[in-house]
Ligand SMILES: C=CC1=C(C)c2cc3[nH]c(cc4nc(cc5[nH]c(cc1n2)c(C)c5CCC(=O)O)C(CCC(=O)O)=C4C)c(C)c3C=C
Ligand SMILES: [Fe+2]
Ligand SMILES: [Fe+2]
């Protein structure tokens, strides 16, 4: 029997909160044509003369504000999740964590699985919603690495889980006590943004996404791969499970980079608007991330809170991410199990198969 391997793939994070390691990480990340989708020469100039020299020291400083004793939060939580999932799937799957950029690299993680005899791979991109710059890039690189040898193994990808009940239930379980303790009057679901151009490029019809005001308000066959529509679907699912009324929640998009338009509304525009509307106690959930990271702990819980308080709000509480919460470990195990192909007939022709003992005995 082929040995099974599970690759949990997240985005990646620098090895240390210093300018050099952050610069190396950003160079790899932003050289990806699915992230900065401009012509290669333009990308090289933009990276080397406009982005890396200024962003690397600034981001290194931001990472220092959130760095944990054991490392970057994204790495610490992803490692803990991997250990817990490996424990649950022991004897059935070998489990490895891989990062799309930085360490542990995809080639190293795949090599470790191969060394354990794995020839049947399941890949779980750790992003609830699909975006070219996250899940598609992670899958494309995984397929590339897995198909380097002469023989290509069996590979299965776990689909995006933006509306999966196990994911929504796990986040609800994490969020409910936090929202209640904070006595939050409103919950903001703040998702990582992407450039609008990326949304249009992912729309096979070329005429659906972002063409009309409510185009992402329902998830249909036509827009089922739209990142923004999947984010709204996640927010609706969580709001419903948390019992929030229509005025009790809203959606925004954070972390934009550059001057081109990104998906709206922007978190740093919505935060002062909520304060101006009279919201005093705000809870923020970031359900595009399954682990706390720079974008949740620094961008939302530090900078977002400062902005909300300066605009007249009284408290901003970040709902922690799923990290390695037991309900999330259960959900990951369920996602993997559900992705397993249904049992099929043996590929070995009956005549060539070793003789089976007769049932009648
Ligand atoms: C949730 C999935 C993510 C999508 C989609 C995504 C798109 C995207 N990101 C950038 C630029 C940056 N993102 C950065 C950090 C970062 N991004 C994600 C996830 C998605 N990004 C995560 C989990 C993290 C945190 C990593 C960590 O170490 O904690 C950064 C680096 C930090 C910084 O300097 O701000 C950049 C840059 C673009 C351009 C993009 C889509 C085109
Ligand atoms: Fe990002
Ligand atoms: Fe859309």
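Numbering (UniProt numbering), first residue to last: 1 to 361.
For every residue, glycine included, the Cβ atom is placed at its ideal position computed from N, Cα and C.
Predicted, not measured: the structure shown is a model, and the values here were computed from it.
Own chain residues within Cβ distance below 8 Å of residue 169, not counting five before or after:
Looking up residue 169 in the chain shown gives position 169. Excluding residues within five positions, the ones whose Cβ falls inside 8 Å are 241, 327 and 331.
Give the secondary structure of residue 299 by DSSP, where H, G and I count as helix, E and B as strand, and everything else as coil.
Reading the chain shown from its first residue, position 299 is the one you call residue 299. Helix at residue 299.
Are the stretch 162–181 and the stretch 310–330 touching by the rule of at least three beta carbon pairs closer than 8 Å?
When C-beta atoms of the stretch 162–181 are compared with those of the stretch 310–330, three or more pairs fall below 8 Å, so the two segments count as touching.
Segment contact flag, the stretch 157–166 with the stretch 263–280, C-beta cutoff 8 Å, min 3 pairs:
Cβ pair count under 8 Å is below three, so no.
Beta-carbon within less than 7 Å of residue 281's beta-carbon, same chain only, minus the 5 sequence neighbours each way: which residues are those?
As a first step, residue 281 must be located in the chain shown, where it is residue number 281. Here the set comprises 182, 183, 184, 185, 314 and 315.
Going by CA-CA distance only, name the one from 107, 92 and 90 that's closest to residue 98.
Against the chain shown, residue 98 aligns to sequence position 98. Checked all of 107, 92 and 90; the closest Cα to residue 98 is 107.
Can residue 195 be considered in contact with ligand 1, in the sense that its beta carbon sits closer than 7 Å to one or more heavy atoms?
Translated into the one-based positions of the chain shown, residue 195 becomes position 195. Checking the Cβ of residue 195 against ligand 1 gives yes.
Write down every uninterrupted run of the beta strand (DSSP E) in the stretch 185–219 whose length is 3 residues or greater and which is fully enclosed by it, in chain order.
Positions of the beta strand (DSSP E) runs, each at least 3 residues long and wholly inside the stretch 185–219, are given as 186–192 in order along the chain.
Give a single yes or no on whether residue 238 has its beta carbon closer than 7 Å to a heavy atom of ligand 3.
Looking up residue 238 in the chain shown gives position 238. No - ligand 3 has no heavy atom lying nearer than 7 Å to the Cβ of residue 238.
Regarding residue 293 and ligand 1, is the C-beta to nearest heavy atom distance less than 7 Å?
Within the chain shown, numbered from 1, the residue matching residue 293 stands at position 293. Yes, since a heavy atom of ligand 1 falls inside the 7 Å radius drawn around the Cβ of residue 293.
For residue 5, the residue or residues it bridges with in DSSP
Locating residue 5 in the chain shown gives position 5, counting from the first residue. Note: residue 5 sits in a beta bridge opposite 94 and 121.
With a threshold of 16 other CB atoms inside 10 Å of the CB of residue 214, please say whether the residue is buried or exposed.
Translated into positions along the chain shown, residue 214 becomes position 214. With fewer than 16 Cβ atoms within 10 Å of its Cβ, residue 214 is classed as exposed.
Buried or exposed: which applies to residue 269, given that a residue is buried once 16 or more other Cβ atoms fall within 10 Å of its Cβ?
For the purposes of this step, residue 269 is taken as the residue at position 269 of the chain shown. Counting Cβ neighbours within 10 Å, residue 269 comes out exposed, since fewer than 16 surround it.
By the three-class DSSP mapping on this structure, what secondary structure does residue 335 have?
Here residue 335 refers to the residue found at position 335 when the chain shown is read from its first residue. Reduced to three states, the DSSP call for residue 335 is helix.
Near ligand 4: residue 255 beta-carbon under 7 Å from a heavy atom
Looking at this structure, you won't find ligand 4 anywhere; what it does contain is ligand 1, ligand 2 and ligand 3.
For residue 232 and residue 218, the rounded distance between their alpha carbons:
Sequence index remark: in the chain shown, residue 218 carries index 218 (1-based). Sequence index remark: in the chain shown, residue 232 carries index 232 (1-based). Rounded to whole angstroms, the separation of the alpha carbons of residue 232 and residue 218 is 8 Å.
8 Å Cβ cutoff met for residue 93 and residue 5:
On the chain shown, position 93 is the one that residue 93 refers to. On the chain shown, position 5 is the one that residue 5 refers to. In contact: residue 93 and residue 5 (Cβ atoms closer than 8 Å).
Along the chain, which unbroken stretches of the beta strand (DSSP E) at least 3 residues long are found entirely within the stretch 104–158?
If we require 3 residues or more, the beta strand (DSSP E) runs fully inside the stretch 104–158 come out as 118–125 and 154–157.
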